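*Asks:*
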Amino acid sequence: MFWRKYAARRCRRLTLVMFALLFVASDVAADTNLQVAGWIEQAVLYPAALRLRAKLDSGAESSSLNALKPAFFSRDGARWVSFLLIDDMGKQATIEQPVLRTAHIKRFLGRSQQRPVIRLELCIGDVRKSVEVNLVDRSGLDYQLLVGRNFLKDSLLVHSGATDLLPAGCTAR
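Going by the numbering used here, the sequence shown opens with residue 309, and the numbers climb by one from there.
See below:
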């Protein structure tokens with residue numbers, strides 16, 4: 309008898325705590341005034357103004373872009389990279405940008421990978437930001453662009469159960 313009363317009290321307390329947490333979480337989302345994006349959205353990448361389907365990944369610290377045929381060269385004493393990018397409609401652009409640094413990306417099973425990092429402008433919905441993007445071969449993946457927290461922070465909330473929630477706010481050529 310004692311255990312039933314104890315369990316019932318504990319269950320009521322747990323239910324109250326869960327409701328309190330839900331209330332606080334909804335208040336946080338309302339107070340931030342951030343747009344809610346789906347986990348897949350259309351993005352425009354500048355300077356090429358190409359439109360790509362992007363995966364928004366709040367678990368990734370930085371953004372990654374599929375870079376085809378990367379070629380490194382020197383310009384004015386700085387290290388640069390040139391690479392090919394093909395948008396979802398088959399339009400191609402060659403992008404040349406200075407390499408800011410080399411990132412060491414931890415991958416599954418503890419393996420790490422070195423990737424060049426450049427700065428590009430991304431636009432999702434009406435949010436346009438200049439962010440660091442690491443370059444990698446993503447041709448075997450579903451999405452050429454992975455948008456990480458370096459873009460999402462203070463700009464978008466990600467709804468993990470929805471896609472294409474934002475209207476296209478930026479222009480592509």
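The beta-carbon is built from N, C-alpha and C at its ideal position, and this holds for glycine as well. Note that the structure is a prediction, hence the values are computed from the model and not measured.
Look up Leu454 in the DSSP assignment and give the residues it is bridged to.
*Replies:* Residue pairing for Leu454: DSSP places it in a beta bridge opposite Lys363, Ser372.
*Asks:* Got a sec? Which residues, its chain only, sit under 6 angstroms from Thr479 by beta carbon, not counting five neighbours each side?
*Replies:* Hits under 6 angstroms: none found.
*Asks:* State the DSSP-derived secondary structure class of Gly385, mapped to helix, strand or coil.
*Replies:* coil
*Asks:* By Cβ distance below 8 angstroms, which residues in the same chain neighbour Asp472 in space, the five residues on each side in sequence not counted?
*Replies:* Gly346, Ile348, Glu349, Gln350
*Asks:* Could you tell me the boundaries of the beta strand (DSSP E) in which Ala411 lies?
*Replies:* Taken as a continuous stretch (DSSP letters only), the beta strand (DSSP E) holding Ala411 covers 409 to 414.
*Asks:* Any idea which residues DSSP pairs Lys437 with across the strands?
*Replies:* Looking at the DSSP assignment, Lys437 forms a beta bridge with Leu430.
*Asks:* From this set, Ala470, Leu408, Ala362, Gln400, which residue's C-alpha is nearest Pro355's C-alpha?
*Replies:* Gln400
*Asks:* Relative to the C-alpha of Val441, which residue among Gln405, Ala476, Leu449 is closest?
*Replies:* Of the candidates Gln405, Ala476, Leu449, the one whose C-alpha sits nearest the C-alpha of Val441 is Gln405.
*Asks:* Please report how far the alpha carbon of Gly418 lies from the alpha carbon of Ala357, in whole angstroms.
*Replies:* 36 angstroms
*Asks:* With a CB to CB cut of under 7 angstroms and the five nearest residues on each side skipped, what residues in its chain are close to Lys377?
*Replies:* Closer than 7 angstroms at Cβ, skipping near neighbours: Phe391, Leu392.
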